[in-house]
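> Count the sequence shown with the working numbering and you get residues 505 to 581, in order. Just passing along the structure, written as structure tokens.
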Amino acid sequence: MEITRELDLKGEVCPFTFVKSKLILEQMNKGEILKIILDYKPSVDNVPKSMKEEGQEVIAVNQLDNNLWEVIVRKVK
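Set out below in structure tokens:
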């Protein structure tokens, strides 16, 4: 799996984490993969949920550190 783009959203909170992720995804081509870095726990639940509702594929949600996560999303549409 090759990451196409990485978006560092440390310090951001909901709903900005999803809005900024969606804006980047809109610039990408179908099939490309976005890695989103988050440090706000509610976003770790909300961003993947919202991405799925938008029809995108959430490949993985991984905890990297005590307060650090990555969400991997493939653009489907």
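All residues carry an ideal CB built from backbone N, CA and C; glycine is no exception. Quick caveat: nothing in here was measured; it's all calculated off a predicted structure.
Measure how close the beta-carbons of Val548 and Gln560 come, nearest whole angstrom, since I'm counting them as under 8 Å.
Your numbering for residue 548 matches position 44 in the sequence shown. Your numbering for residue 560 matches position 56 in the sequence shown. Rounded, the Cβ-Cβ distance is 16 Å, inconsistent with contact.
> Out of Glu530, Val517, Ser525 and Ala564, state which residue places its alpha-carbon closest to the alpha-carbon of Met505.
Within the sequence shown, numbered from 1, the residue matching residue 505 stands at position 1. If we check each option's Cα against that of Met505, Ala564 comes out closest.
> Would DSSP call Asn550 helix, strand or coil?
Residue 550 sits at position 46 when you count from the first residue of the sequence shown. If DSSP states are grouped into helix, strand and coil, Asn550 belongs with the helices.
> What are the partner residues of Asn533, as DSSP defines its beta bridges?
Along the sequence shown, one-based indexing puts residue 533 at 29. DSSP, once it has assigned bridges, lists no residue as partnering Asn533.
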